[in-house]
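Convert by adding 2 to the 1-based position in the sequence shown; the result is the number in the numbering used here. Cβ coordinates follow ideal geometry from the N, Cα and C atoms, glycine included. A quick write-up on the structure given underneath.
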Amino acid sequence: KAPREAVTPAVAVKPPVEGTPSVEVVATTETATEEATKEPVKAPVKPGSQQVEYGQSLPLPDTYVRCGGCQSHFALTEEDLGDRGKGRRLECCVCGNTWFQSKERIMNLRERMELVDLPEHDLERIKLNKEEGKPAGFIGDSKLYVGNVAFECTTADMYEEFGTCGSVGDVAMVYDNETGRPRGFAFVTMRTKEGCDKALAELNGKDIMGRQISVREANN
């Protein structure tokens, strides 16, 4: 996949659900003399309080977590989980799924990967899945291979073209691992069989950006 699109972050994770312990500032019993000779003690940051600011007023970290429901990714550090215990419970603001996140299972970004905003079409897909009673992470059952794709063609272009035939669950543009350049083919997953059949009938052989694309059902 594209080096800049392989990781799919969403907006910030909601604050922990009720009942989750949080860090508290504990009063000390030091005397005035002792306090005067020591540097002021900084109050600890409340777990999760700065997570919503990543990518806004704070730089994005190189660590993240993934929601097991909708598969959205969220920028998160060990400090965001607090200093009590092995982790804390989080709630996804996209699909509402909750899970216990341990510090040991926070993931690191791989080389040449970065966190980017969750695309609007993914938000719409997750919303539609919830309305239809499907799993939040559902992308579709009908996967198509698309060949002879112009190198200038983007993921957004593929969504637009195949969106004329039905709801698109996912577009995976294929890139060279060494150079990061497009390899001229992609995989498109349609959410419904009807959309898949229409794409096969109407888009196979269509001229897109100077190339006639080939569309067929994927082998896997």
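Considered as a whole, the region 166-217 harbours 170-177 and 184-192 as its complete beta strand (DSSP E) runs of no fewer than 3 residues, in chain order. Inclusion of Val-148 and Ala-188 in the CB contact set at 7 Å is warranted, their separation being smaller than that value. Measuring C-alpha to C-alpha distances from Phe-140 to each of Gly-171, Glu-162 and Met-115 identifies Gly-171 as the nearest. Bounds of the beta strand (DSSP E) holding Lys-145 are 144-149.
Contact between Ala-220 and Leu-111 does not hold, since the beta-carbon distance rounds to 28 Å and is not under 8 Å.
Our two residues, Asp-85 and Ile-128, have alpha carbons roughly 33 Å apart in a direct line.
Using a Cβ-Cβ distance cut-off of 8 Å, the region 81-99 and the region 151-163 are not in contact, since fewer than three pairs of beta carbons, one from each stretch, lie closer than that value. Looking at the DSSP output, Thr-65 sits in a beta bridge with Asn-110.
The Cβ neighbour count for Phe-102, taken over all protein chains shown within 10 Å, is under 16; the residue is labelled exposed.
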